[in-house]
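Heads up: the sequence shown is residues 3 to 141, going by the numbering used here.
Note that the Cβ used here is the ideal one computed from N, Cα and C, for glycine as well.
Worksheet: one structure, shown below.
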Amino acid sequence: MTEVRYQVAGLDAAWPLLAELAWLAPARFAALLSALGDASLDALRRRFDAGFPGTGEVDDYAWFPAWLLVVKPALAGRFGEARVQRDRAASRATALLGEILRREHEGDQHELVSLRQEFSRLHAGLFEAYMATRKVQHR
């Protein structure tokens, strides 16, 4: 279904299904990325492979949607359409990061602290990558 959505409507329309596939079947997600032959997806995959703070196993691809929000926060609205899998940390982290990005625009600093703490508990390495993109000085 994800491949058909991509072929018919393009990458932008396929993001929610790509996210769900990554969370539910990381190996199939990785195989689909290769099969699609999309230059922009291939470039993102190379960046992910080079910089994601994971184990290097195929299961790391479950975190691809959350990582993508760190490097391309404008996609948060597209991933907001994906059905969150509450029993999967990578899915919860993606939804949480979408909420964090929304709250950053609203300037709700108190709530941001709590949301960021929750995010850091889900994946400390990805949280550090996210914080490195913020102009926050730790003193």
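Residues G127 of the same chain have their beta carbon placed closer than 6 Å to that of P55, with the five preceding and five following residues left out of the count.
Distance from the CA of S116 to the CA of W65, rounded to the nearest whole angstrom, comes to 21 Å. Only residues of its own chain outside the window of five on either side were considered, and among them L77, R80 and F81 have a CB closer than 7 Å to the CB of W17, listed in chain order. Residue environment analysis places V72 among the buried positions, since at least 16 neighbouring C-beta atoms fall within 10 angstroms of its C-beta. Residue burial is scored here from C-beta neighbours: T135 has fewer than 16 other C-beta atoms within 10 angstroms and is therefore classed as exposed. In the DSSP assignment, P28 falls within the alpha helix (DSSP H) that extends over P28 to L38.
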